[in-house]
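Residue numbers for the sequence shown follow the numbering used here, so the first one is 1267 and each next one is one higher.
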Amino acid sequence: MFFEQGPIRPPSEAESLLLRFTRNCPWNRCDFCGTYKGETFSRRTLEEIKRDIDNVCLIAEKIRERSWQMGYGGEINRQVLSDLYQSGSHLVIHVAAWLYRGGKTVFIQDANSLIMKTRELAEALRYLKERLPSVERITSYARSQTLARKDPRELEELREAGLNRIHVGMESGSDAVLKYMNKGATAREHIEGGRKVVEAGISLCEYVLLGLGGRLWPEEHYLETARVLNRINPDFIRMRTLAVIEETPLGEKRARGEFTEQTEDEIVAGERLLIENLDGINSQVVSDHMLNLLEEVRGRLPEDKEFMISVIDRYLSLPGRERLNFRLGKRWGLYRGLADLNDPPRHARVEAMVRRLEEEGRLDGTISSLRASMI
């Protein structure tokens, strides 16, 4: 009763069943990404995928049998989960937790499932919906270049088969940044692929990587990203913040002095520039990752635009020492939002750590390593 799972999922898919339709990333050359480095992309067969779905059904059946044995009539409750956590495998626990949350969402892995032949992917989706009738939403990662090559009718077929949402790592709308980072996509492909998804009636989530332009393209990255997003009008714009990993091509560029990261204050100012230039769209802006300094920057465009900018301005208007205190507190895990600065015990604890790290000459390095640990 085994089924394959890949290494990552979006934070918004925390309650989803994870099923692997392809292995790793077919591009796998982005300078900033280390997720699939050293791994080889491969396509799983339709038979393998269906077998995995069947095995999920078998596991679910065994979990319900255990519930009956415990006297809960097939209900998946906390007591059943607790029992399985003591004796179940990772996959059994994963399916049980998914059933406990309602068994409504599925995330298809890995990095670009839409590279599958549309006919086979649609058949797999229909089989999934047939075997797991509680499923209401199916989502997947896809690359813009792959989407741009799809015929609109193919995306419509996938929507009809059950694909509800596509997550795209746009990262930047600047061709200069995309080329430098070896993203394997252009601004035009981002727009073309994104528009096809929107017009097919599939929910689209575009990811933006704050700070990706570094000191080389400190404004172009944000302005061009806003321009591309305005052309796409995705359902969601999800903010992520760049953290350079040493064992990546970008980490090597940084070590050679070819790439210099923006400071966190510069990244926040860039985020303001981005949001300020988002016009004529109805996207939901989401900041659902701890890497983002200001997770409070979220809301619906256009009505919440002023609120999001006000959060950024509130941070940027703080005295330098307070901004430093917040940065360390956030990376240390003591703060989640700006209001936490008003908690005297926490503020004093962070300030004491700031002074200690300054005396030891380790403040910047500590904040940087804490930030990288959140990837």
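We put the CB at the ideal spot given by N, CA and C, even for glycine.
> Could you give the distance in angstroms between the alpha-carbon of Ala-1363 and the alpha-carbon of Ala-1427?
Replying inline: In the sequence shown, counting from the first residue as 1, residue 1363 sits at position 97. In the sequence shown, counting from the first residue as 1, residue 1427 sits at position 161. Rounded to whole angstroms, Ala-1363 to Ala-1427 spans 25 Å at the Cα level.
> Start and end of the beta strand (DSSP E) containing Gln-1335?
Replying inline: Here residue 1335 corresponds to residue number 69 of the sequence shown, with the count starting at 1. Note, Gln-1335: premise wrong, no beta strand (DSSP E); alpha helix (DSSP H) at 1312 to 1335.
> Does any residue of chain C bring its CB to less than 8 Å from the CB of Ile-1468?
Replying inline: In summary, chain C is missing from the structure at hand, where a single protein chain is found.
>> Does the contact criterion of 3 or more C-beta pairs under 8 Å hold for the region 1505 to 1520 versus the region 1280 to 1300?
In response: yes
>> If I follow the unbroken beta strand (DSSP E) through Phe-1502, where does it start and stop?
In response: To locate residue 1502, count along the sequence shown from 1; it is residue 236. Residues 1502 to 1507.
>> For Asp-1609 and Ile-1319, what's the separation of their Cα atoms in angstroms?
In response: Residue mapping note: residue 1609 aligns to position 343 of the sequence shown, counting from 1. Residue mapping note: residue 1319 aligns to position 53 of the sequence shown, counting from 1. In a straight line, the C-alpha of Asp-1609 is about 49 Å away from that of Ile-1319.
>> What does the alpha-carbon distance come out to for the pair Lys-1462 and Leu-1607?
In response: Locating residue 1462 in the sequence shown gives position 196, where the first residue counts as 1. Locating residue 1607 in the sequence shown gives position 341, where the first residue counts as 1. So the alpha carbons of these two residues sit roughly 44 Å apart.
> Can you tell me where the beta strand (DSSP E) with Tyr-1488 in it begins and where it stops?
Replying inline: Reading the sequence shown from its first residue, position 222 is the one you call residue 1488. That residue, Tyr-1488, is in no beta strand (DSSP E); its alpha helix (DSSP H) goes 1486 to 1498.
> Taking the continuous alpha helix (DSSP H) assigned at Ile-1520, which residues delimit it?
Replying inline: Position 254 of the sequence shown, counted from the first residue, corresponds to residue 1520. The displayed chain sequence assigns Arg, not Ile, to residue 1520. 1515 to 1521 is the span of the alpha helix (DSSP H), which, as asked, contains Arg-1520.
> How is Ile-1575 classed by DSSP in three states: helix, strand or coil?
Replying inline: As a first step, residue 1575 must be located in the sequence shown, where it is residue number 309. Ile-1575: helix per DSSP, three-state reduction.
> Distance, Cα to Cα, His-1456 vs Met-1619?
Replying inline: Here residue 1456 refers to the residue found at position 190 when the sequence shown is read from its first residue. Here residue 1619 refers to the residue found at position 353 when the sequence shown is read from its first residue. Taking the straight line from one Cα to the other gives about 43 Å.
> What three-state label does DSSP hand Arg-1628 in the structure shown?
Replying inline: Against the sequence shown, residue 1628 aligns to sequence position 362. Correct three-state label for Arg-1628: coil.
> When the Cα atoms are used, what is the spatial distance from Ser-1308 to Glu-1624?
Replying inline: Counted from its first residue, the sequence shown places residue 1308 at position 42. Counted from its first residue, the sequence shown places residue 1624 at position 358. Cα-Cα distance, rounded: 49 Å.
> Based on Cα-Cα distance, which residue from Leu-1347, Ser-1348 and Ile-1329 lies nearest to Gly-1340?
Replying inline: Mapped onto the sequence shown, residue 1340 falls at position 74. If we check each option's Cα against that of Gly-1340, Ile-1329 comes out closest.
>> With a threshold of 8 Å on Cβ separation, who are the neighbours of Leu-1350 within its own chain once the five nearest residues in sequence on each side are excluded?
In response: Within the sequence shown, residue 1350 is the residue found at index 84, counting from 1. So the list reads Ile-1329, Arg-1332, Val-1358, Ile-1359 and Ala-1362, once near-sequence residues are dropped.
>> Cutting at 6 Å between CB atoms, please list the residues of its own chain near Trp-1334, excluding the five before and the five after it.
In response: Working through the sequence shown from its first residue, we reach residue 1334 at position 68. Excluding sequence neighbours, Trp-1334 sits near Gly-1340.
> What distance in whole Å lies between the Cβ atoms of Leu-1476 and Arg-1506, which are believed to be in contact at a cut-off of 8 Å?
Replying inline: One-based indexing of the sequence shown puts residue 1506 at position 240. One-based indexing of the sequence shown puts residue 1476 at position 210. 7 Å between Cβ atoms; contact.
>> With distance defined between alpha-carbon atoms, name the residue in Arg-1612, Gly-1603, Arg-1615 and Leu-1590 nearest to Ser-1634.
In response: In the sequence shown, residue 1634 corresponds to position 368, counting from 1. For the residues Arg-1612, Gly-1603, Arg-1615 and Leu-1590, the minimum Cα distance to Ser-1634 belongs to Leu-1590.
> Once you ignore the five residues that flank Arg-1392 on each side, which residues in its own chain have a CB closer than 6 Å to its CB?
Replying inline: As a first step, residue 1392 must be located in the sequence shown, where it is residue number 126. If we look at Arg-1392 and ignore the five residues flanking it on each side, its Cβ neighbours are Ala-1427.
> Per DSSP, Cys-1471 forms a beta bridge with which residues?
Replying inline: Within the sequence shown, the letter at position 205 stands for residue 1471. DSSP lists His-1433 and Phe-1502 as partners of Cys-1471.
> Under a Cβ-count criterion, where at least 16 other Cβ atoms within 10 Å of its own Cβ denotes burial, should Gly-1467 be classed as buried or exposed?
Replying inline: Along the sequence shown, read from residue 1 onward, the residue named residue 1467 stands at position 201. It is exposed - the Cβ of Gly-1467 has fewer than 16 other Cβ atoms within 10 Å.
>> Pull the bridge partners of Gly-1300 from the DSSP assignment, please.
In response: Here residue 1300 corresponds to residue number 34 of the sequence shown, with the count starting at 1. For Gly-1300, which the question treats as bridged, DSSP gives no partner whatsoever.
> Arg-1564 to Gly-1337, Cα distance in whole Å?
Replying inline: Taking the first residue of the sequence shown as position 1, residue 1564 is located at position 298. Taking the first residue of the sequence shown as position 1, residue 1337 is located at position 71. The alpha-carbon atoms of Arg-1564 and Gly-1337 are separated by roughly 44 Å.
>> Quick check: the Cα distance between Gly-1523 and Leu-1604, rounded to an integer number of angstroms?
In response: What you label residue 1523 is simply residue 257 of the sequence shown in a count that begins at 1. What you label residue 1604 is simply residue 338 of the sequence shown in a count that begins at 1. Approximately 33 Å, taken between the alpha carbons.
> Does the beta-carbon distance from Arg-1286 to Gly-1272 come in below 8 Å?
Replying inline: Numbered from 1 along the sequence shown, position 20 holds the residue referred to as residue 1286. Numbered from 1 along the sequence shown, position 6 holds the residue referred to as residue 1272. Yes. Within cutoff.
>> Checking the sheet assignment: what are the DSSP bridge partners for Phe-1373?
In response: If you number the sequence shown from 1, residue 1373 lands on position 107. According to DSSP, which records beta bridges pairwise, Phe-1373 is partnered with Leu-1284 and Thr-1405.
> Among all the DSSP beta bridges, which residues are the ones paired with Gly-1546?
Replying inline: As a working note, residue 1546 is residue 280 in the sequence shown. For Gly-1546, which the question treats as bridged, DSSP gives no partner whatsoever.
> Is Leu-1476 helix, strand or coil by DSSP?
Replying inline: The sequence position of residue 1476 within the sequence shown is 210, counting from 1. Strand, per DSSP.
> Per DSSP, Ser-1308 is paired with what?
Replying inline: Walking along the sequence shown from the start, residue 1308 turns up at place 42. DSSP, once it has assigned bridges, lists Arg-1289 as partnering Ser-1308.
>> For the alpha helix (DSSP H) containing Arg-1295, name the first residue and the last one.
In response: On the sequence shown, residue 1295 is found 29 positions in, with the first residue counted as 1. Note, Arg-1295: premise wrong, no alpha helix (DSSP H); not H, not E.
> What number of angstroms, rounded off, separates the C-alpha of Asp-1579 from the C-alpha of Ala-1377?
Replying inline: As a first step, residue 1579 is located in the sequence shown; it is residue number 313 there, counting from the start. As a first step, residue 1377 is located in the sequence shown; it is residue number 111 there, counting from the start. In a straight line, the C-alpha of Asp-1579 is about 35 Å away from that of Ala-1377.
> How is the alpha helix (DSSP H) around Ile-1457 delimited, first residue to last?
Replying inline: Locating residue 1457 in the sequence shown gives position 191, where the first residue counts as 1. Ile-1457 -> alpha helix (DSSP H) spans 1453 to 1465.
> Nearest CA to the CA of His-1613: which residue from Glu-1588, Gly-1627, Ser-1553 and Met-1447?
Replying inline: In the sequence shown, residue 1613 corresponds to position 347, counting from 1. For the residues Glu-1588, Gly-1627, Ser-1553 and Met-1447, the minimum Cα distance to His-1613 belongs to Glu-1588.
> How long is the line joining the alpha carbons of Glu-1279 and Arg-1504, rounded to whole angstroms?
Replying inline: Position 13 of the sequence shown holds residue 1279. Position 238 of the sequence shown holds residue 1504. Each residue's Cα considered, the two are about 13 Å apart.
> What number of angstroms, rounded off, separates the C-alpha of Gln-1352 from the C-alpha of Ile-1342?
Replying inline: The residue you call residue 1352 lines up with position 86 of the sequence shown. The residue you call residue 1342 lines up with position 76 of the sequence shown. Going from the Cα of Gln-1352 to the Cα of Ile-1342 covers about 15 Å.
> For Val-1521, is the classification buried or exposed, using 16 other Cβ atoms within 10 angstroms of its Cβ as the cut-off for buried?
Replying inline: Indexing the sequence shown from 1 puts residue 1521 at position 255. Contrary to the premise, residue 1521 reads as Ala rather than Val in this sequence. Burial call: exposed.
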